[in-house]
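All residue numbers for the sequence shown refer to our numbering, where the first residue is 7 and numbers rise by one. For each residue, glycine too, the CB sits at the ideal point set by N, CA and C. Each remark here refers to the structure printed beneath this line.
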Amino acid sequence: MNSSTGRTILIIVIVGVVIAAACLCVSLLGFGGLVSYGLQEPENLDISVDVPVTAQIDEEVTLTVSVYNSGNESQTLDSIDWPRSYLDGIVIRNVSPGAIDETDFDLFGLEFVSYAFNRLISPGETIEVDFTAVPVKAGDFSGELDVCINSGGVCQTLVVRTVVDN
Numbered sequence: 007m008n009s010s011t012g013r014t015i016l017i018i019v020i021v022g023v024v025i026a027a028a029c030l031c032v033s034l035l036g037f038g039g040l041v042s043y044g045l046q047e048p049e050n051l052d053i054s055v056d057v058p059v060t061a062q063i064d065e066e067v068t069l070t071v072s073v074y075n076s077g078n079e080s081q082t083l084d085s086i087d088w089p090r091s092y093l094d095g096i097v098i099r100n101v102s103p104g105a106i107d108e109t110d111f112d113l114f115g116l117e118f119v120s121y122a123f124n125r126l127i128s129p130g131e132t133i134e135v136d137f138t139a140v141p142v143k144a145g146d147f148s149g150e151l152d153v154c155i156n157s158g159g160v161c162q163t164l165v166v167r168t169v170v171d172n
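Now the structure itself:
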């Protein structure tokens with residue numbers, strides 16, 4: 007066996023081991039557990055979300071995310087990620103302050119729309135982000151909202167729910 011063939015076999019074995027390890031992790035943790043395993047909660051921040059409990063179709067509503075930096079160092083609002091399950095009945099029309107990017111994601115069955123901000127939050131500062139939205143169909147819409155700080159992997163998860171009536 008020449009060295010090229012030996013190297014190819016070694017690469018195939020390594021790839022096989024990596025795939026087997028990933029399959030083991032998925033079977034033990036599930037896809038959601040595997041994704042959330044890498045996520046960390048932000049420190050020195052008070053994060054809240056205010057959404058209406060009930061709303062009427064075509065009635066404009068405001069969804070507000072507040073982030074207060076209680077620490078001694080500046081931090082960055084990376085993104086606010088709205089669950090697709092919530093946005094199935096409520097359409098966001100405007101964001102203030104404006105997002106620098108809006109991206110639809112589907113990661114391992116977790117569907118969300120990410121609004122990127124890259125906005126610095128000084129110590130003692132509060133940032134409020136207002137999402138102007140309109141309910142478009144009746145139903146009970148809920149899911150887990152992620153507010154990510156300093157990177158997409160340091161997020162606080164908050165539950166959002168609005169019941170939309172005709």
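Self-check item: Secondary structure of Val153, DSSP reduced to three states
Solution: Position 147 of the sequence shown, counted from the start, is the residue given in the question as residue 153. Here Val153 sits in strand by DSSP.
Going by beta carbon distance, what residues of the same chain come within less than 6 Å of Gln62, once the five residues before and after it are set aside? Counted from its first residue, the sequence shown places residue 62 at position 56. Result list for Gln62: Asp171, in chain order.
Q.
Could you check whether the segment 149-156 touches the segment 106-113, counting it as contact only if at least three pairs of C-beta atoms, one from each stretch, sit closer than 8 Å?
A. Put simply, the segment 149-156 does not touch the segment 106-113. Fewer than three CB pairs are less than 8 Å apart.
message: Here's the rule: buried if 16 or more other CB atoms are within 10 angstroms of the residue's CB, otherwise exposed. What is Asn75?
response: Locating residue 75 in the sequence shown gives position 69, counting from the first residue. Buried.
Tell me the DSSP secondary structure of Ile63 in three-state form. Here the question's residue 63 lines up with position 57 in the sequence shown. In this structure, DSSP gives Ile63 a state outside helix and strand, which the three-state scheme calls coil.
* **Continuous beta strand (DSSP E) stretch holding Ser54: start and end** => As a position in the sequence shown, residue 54 is number 48, starting the count at 1. Boundaries of the beta strand (DSSP E) harbouring Ser54: 51-56, taken from the DSSP string.
Using 8 Å as the cut-off, can you tell me whether the segment 89-109 makes contact with the segment 46-56, which would need three or more C-beta pairs spanning the two stretches below that distance? Using a Cβ-Cβ distance cut-off of 8 Å, the segment 89-109 and the segment 46-56 are not in contact, since fewer than three pairs of beta carbons, one from each stretch, lie closer than that value.
Taking only three categories from DSSP, how would you classify Ser128?
The sequence position of residue 128 within the sequence shown is 122, counting from 1. In the displayed model, Ser128 falls within coil according to three-state DSSP, outside both helix and strand.
Review point. Who are the near neighbours of Pro129 in its chain, counting only those whose CB is closer than 7 Å to its CB and skipping five residues on each side?
Key: Indexing the sequence shown from 1 puts residue 129 at position 123. The beta carbon of Pro129 sits closer than 7 Å to those of Asn75, Gly77, Asn78, Glu79, Ser80, all from its chain and outside the five residues before and after it, given in chain order.
- Per DSSP, what kind of secondary structure is Ser120 in: helix, strand or coil? For this step, residue 120 is matched to residue 114 along the sequence shown. In this structure, Ser120 counts as strand in the three-state DSSP scheme.
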